[in-house]
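Residue numbers (UniProt numbering): 1 to 191. Here a beta-carbon is modelled for each residue, glycine too, at the ideal position from N, C-alpha and C. Structure first, then comments.
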């Protein structure tokens, strides 16, 4: 890709990121083009569909969360701490973009979705951390990567709900303690 085309693409992604943070996933392509001070045709030339734009925008975040899972798996910290830390990172990121959890939940089940591969990679990264904690006997053995992905989506959805947002941290701790074994009612934040 030419340098000027890369610069234009990066500008469109930056503007789309800001719009997504402010308005959520329902932001229109027309609004993004207007904010970027380009015509809709220019935006569509770079990203033919809204899903393609979202995939390009979110892929970087997915890659960072996947890399974070790898880093946490390689640390000497207890596997349960690594798992809870990664889930917390995922939830924090998804609540940045209102509505993205709905998109992720749909994309993981739709192999034709532009977001499917990124969601599968993210799910696999979480599954590795879960498996590591299960091998150490610190996470429930009846959970798998699909369950963990669904729990992340559920926790992020809670943060998207204005009436529930004040309880999101407490509910995170409840769910984290339900994932882990032998923790009783311990506060996961003290781990």
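Anticipated Cβ contact below 8 Å, residue i with residue j, distance rounded
| i | j | result |
| --- | --- | --- |
| residue 2 | residue 29 | Not confirmed; about 23 Å, so no contact. |
| residue 125 | residue 65 | 7 Å |
| residue 192 | residue 19 | Residue 192 lies beyond the range of the chain shown here (1 to 191); nothing can be said about it. |
| residue 32 | residue 103 | Their Cβ separation, rounded to whole angstroms, is 16 Å, which puts residue 32 and residue 103 out of contact at 8 Å. |
| residue 144 | residue 127 | 7 Å |
| residue 91 | residue 159 | 7 Å |
| residue 121 | residue 62 | 7 Å |
| residue 82 | residue 129 | 6 Å |
DSSP state of residue i mapped onto helix, strand, coil
| i | result |
| --- | --- |
| residue 180 | strand |
| residue 150 | helix |
| residue 190 | Because the pLDDT at residue 190 is just 42, under 50, the model does not fix this residue reliably, and the point stays unresolved. |
| residue 92 | helix |
| residue 168 | helix |
| residue 139 | strand |
| residue 27 | coil |
| residue 79 | helix |
| residue 32 | helix |
| residue 108 | helix |
| residue 185 | With a pLDDT of 38 at residue 185, under the threshold of 50, the predicted position of this residue should be treated as unreliable, though the coordinate-derived value follows. Residue 185 falls in the coil class under three-state DSSP. |
| residue 173 | helix |
| residue 85 | helix |
| residue 37 | coil |
CA nearest to the CA of residue i, picked from the options
| i | options | result |
| --- | --- | --- |
| residue 97 | 109, 181, 150, 57 | 57 |
| residue 119 | 38, 180, 101 | 101 |
| residue 123 | 135, 108, 114, 112 | 108 |
| residue 116 | 44, 54, 81, 131 | 54 |
| residue 179 | 94, 95, 167, 79 | 79 |
| residue 152 | 60, 113, 73, 85 | 85 |
| residue 47 | 67, 69, 172, 12 | 12 |
| residue 8 | 42, 181, 113, 135 | 42 |
| residue 172 | 52, 89, 129, 69 | 89 |
| residue 131 | 170, 70, 166, 37 | 70 |
| residue 59 | 93, 23, 161 | 93 |
N- and C-terminal bounds of the alpha helix (DSSP H) containing residue i
| i | result |
| --- | --- |
| residue 134 | 116-135 |
| residue 62 | 50-74 |
| residue 5 | 3-23 |
| residue 43 | 40-46 |
Per-residue burial, residue i [other beta carbons within 10 Å of its own, 16 or more giving buried]
| i | result |
| --- | --- |
| residue 174 | exposed |
| residue 138 | buried |
| residue 187 | Interpretation of residue 187 is limited by its pLDDT of 44, a score under 50 that renders its predicted location unreliable; no figure is taken from the coordinates. |
| residue 111 | exposed |
| residue 197 | Nothing can be reported for residue 197, as the shown portion of the chain is limited to 1 through 191. |
| residue 148 | buried |
| residue 163 | exposed |
| residue 106 | exposed |
| residue 185 | Low confidence applies here, because residue 185 scores a pLDDT of 38, under 50, leaving its location unreliable; read the following figure in that light. By the 10 Å Cβ count, residue 185 comes out exposed. |
| residue 156 | buried |
| residue 195 | Since the first residue shown for the chain is 1 and the last is 191, residue 195 is missing from the structure and cannot be characterised. |
| residue 114 | buried |
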